[in-house]
Amino acid sequence: MRFSIALVSLALALPAQAENIPESDAQPRPVVSLLVDPQVGTALSYTGTVVAKTETGLGFPMSGTVAARPVSTGDLVEKGDVLARLDTQDLNADLRTADASVTVAKAQLRSATDARERAKTLAERGVDSTTRLEDAERALVSAQAGLDQALASQARAADTLDLATLTAPYDGVVTETFAEPGATLSAGQTVLQLAAIGEREILIDLSEEEVSLRAPGDRFIASLLVKETIRTEAVLTRIDPVAERTTRTYRLHLRLENAPEEFRLGSLVRVLPAVGEDTSIVLPHSALLEPPAVWIVDRTSNTVSLRPVTVSNIAGDIAVITSGLSVGDEVVTKGIHSLEEGQAVGPRVSQ
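Residues -18 to -1, 1 to 333 in mature numbering (1 follows the signal peptide of the UniProt record, and there is no 0) are what the sequence shown spells out, letter by letter.
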């Protein structure tokens, strides 16, 4: 009997001992957080493409068949170099016809001039009537108009023949070709794309939320994706006012300043906001409390504390912090409403 009573007493004591386990022995919960870094922020690292500031699609103003295209994609050309030619057999025939018309018109003008001079002489002598002189003068005017018309047709035929040869309007590089020799083109159809050698820019596409954080004049640091040690500065010069129809993103144009030769056309680059004293920090909106404050993790004690911040702009899920944070601060971004001042937390989990 005494043995049974001892077992019952032990069983009743076990739950009480379990309830008395110190809370400090419980494992603190991990936190979803990020480290503040003005170089990358949360969504400030963009990928763009180096393009020429001036890029033109070139073609012929008339329809025809491509007879030759002596350049290919990637070729460097100088202003005036021949890029493509149309078959000019019909155009040469038109020019010969125009030349013949000019010859005929000149002969008719000479004949009309001689006839007018004879009629004038006879009229002055009283041998012929003034009516005959008036007819000769009208014929002379008509012959002069016929020559003018023939000369205009000749000039037009010569210009059309010249337009059958496509030349480079400036020094550049052929970035793309669209028509091969033998292809039949319509008037204005693009034959090739020519990019000017000289000033270059970076194109990046951003969402509406990210665009709202940018303005012309913002400065950036651009580095090559293949070798990020090669970098240069860039300035935002223009934001396209209309979003792309398919992606609904807005295109930003960044002018490169003193870019190394390695920033070739078509190169992929990483673009980061330039760091300065007034550099803003970008955080997820989910990290903010009201009034504006964030939870900061102190890793020396693995506890959290509330810190007020200044918010300059909120765009969708992005908040721009202008003061209150420092480089290296660990900010909790999720589960912020269930934390308490001084609460112990576990390891950091990146989102």
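Positions of the beta carbon are idealized from the N, C-alpha and C atoms, including for glycine.
Spatial neighbours of residue i in its chain, beta-carbon cut-off 7 Å, leaving aside the 5 residues before and after
{"i": "A97", "result": "A118, A121"}
{"i": "G248", "result": "T31, V32"}
{"i": "A50", "result": "A66, R67, P163"}
{"i": "Y152", "result": "K61, A178"}
{"i": "S45", "result": "L167, S168, A169"}
{"i": "F160", "result": "T172, V173, L174"}
{"i": "P43", "result": "L145, A169, G170"}
{"i": "L91", "result": "A125, Q126, L129"}
{"i": "A269", "result": "V276, V313, V314, T315, I318"}
{"i": "I296", "result": "H267"}
{"i": "A89", "result": "none"}
{"i": "K102", "result": "L115"}
Residue i versus residue j: straight-line alpha-carbon distance, rounded
{"i": "A177", "j": "A146", "result": "21 Å"}
{"i": "E312", "j": "V14", "result": "10 Å"}
{"i": "E5", "j": "I278", "result": "Confidence at E5 is low in this model, with a pLDDT of 47, below 50, so its placement is unreliable and no value can be given for it."}
{"i": "F202", "j": "L254", "result": "5 Å"}
{"i": "D280", "j": "V314", "result": "11 Å"}
{"i": "L206", "j": "L143", "result": "46 Å"}
{"i": "G128", "j": "R78", "result": "17 Å"}
{"i": "T231", "j": "A169", "result": "33 Å"}
{"i": "D309", "j": "I263", "result": "Note that residue 309 is Val in the sequence shown here, rather than Asp. V309 and I263: Cα-Cα distance of roughly 9 Å."}
{"i": "V53", "j": "A94", "result": "52 Å"}
{"i": "L307", "j": "T29", "result": "26 Å"}
{"i": "G56", "j": "L321", "result": "59 Å"}
{"i": "A25", "j": "D72", "result": "With a pLDDT of 45 at A25, under the threshold of 50, the modelled position of that residue is not reliable, and no figure is offered here."}
{"i": "Q136", "j": "R182", "result": "42 Å"}
{"i": "T47", "j": "A165", "result": "6 Å"}
{"i": "D299", "j": "V193", "result": "13 Å"}
{"i": "H267", "j": "P242", "result": "38 Å"}
{"i": "L250", "j": "N74", "result": "47 Å"}
{"i": "V18", "j": "V224", "result": "33 Å"}
{"i": "L185", "j": "T229", "result": "15 Å"}
{"i": "E210", "j": "T70", "result": "51 Å"}
{"i": "R107", "j": "R100", "result": "11 Å"}
{"i": "V64", "j": "R246", "result": "24 Å"}
{"i": "P273", "j": "P290", "result": "8 Å"}
{"i": "D141", "j": "V123", "result": "27 Å"}
{"i": "E226", "j": "T282", "result": "48 Å"}
{"i": "A256", "j": "A204", "result": "9 Å"}
Cβ separation of residue i and residue j, assumed to be a contact under 8 Å, to the nearest whole Å
{"i": "G154", "j": "V59", "result": "6 Å"}
{"i": "L265", "j": "A301", "result": "5 Å"}
{"i": "A80", "j": "A139", "result": "4 Å"}
{"i": "G39", "j": "Q175", "result": "5 Å"}
{"i": "G328", "j": "P12", "result": "4 Å"}
{"i": "P10", "j": "N240", "result": "Not quite, the Cβ-Cβ distance comes to about 51 Å (not below 8 Å), so this is no contact."}
{"i": "E244", "j": "I212", "result": "5 Å"}
{"i": "L16", "j": "S287", "result": "No, L16 and S287 are not in contact; Cβ-Cβ is about 17 Å, not under 8 Å."}
Close beta carbons around residue i, own chain, < 8 Å, minus the five adjacent residues each side
{"i": "A105", "result": "S111, T112, R114, L115"}
{"i": "R196", "result": "L188, L218, I221, L234"}
{"i": "residue 336", "result": "Only positions -18 to 333 of the chain appear in this structure, which leaves residue 336 out of reach."}
Residues of its chain near residue i, where Cβ-Cβ distance is below 6 Å and the 5 sequence neighbours each way are ignored
{"i": "L(-7)", "result": "The pLDDT assigned to L(-7) is 37, lower than 50, so where the model puts this residue is not dependable, and the model offers no usable value."}
{"i": "D76", "result": "A139"}
{"i": "A326", "result": "P10, N284, T285"}
{"i": "D200", "result": "L218"}
Under 8 Å between C-beta atoms of residue i and residue j
{"i": "T157", "j": "E37", "result": "yes"}
{"i": "S27", "j": "R330", "result": "no"}
Neighbour flag for residue i against chain C, beta carbons, 8 Å
{"i": "D81", "result": "The question asks about chain C, but that chain is absent: this structure has only one protein chain."}
Proximity test, residue i beta-carbon vs the ligand MN heavy atom, cut-off 7 Å
{"i": "H319", "result": "Judged by which ligands are present, the structure shown has none, so any question about the ligand MN falls away."}
Exercise for the section: Inspect the CB distances between the segment 73 to 90 and the segment 132 to 148 and report whether three or more fall short of 8 Å. Expected result: Pairwise C-beta distances place the segment 73 to 90 in contact with the segment 132 to 148, as three or more of them are shorter than 8 Å.
Practice task
Would you check if there are 3 or more beta carbon pairs closer than 8 Å linking the segment 212 to 219 to the segment 233 to 251?
Solution key: Yes, the segment 212 to 219 touches the segment 233 to 251.
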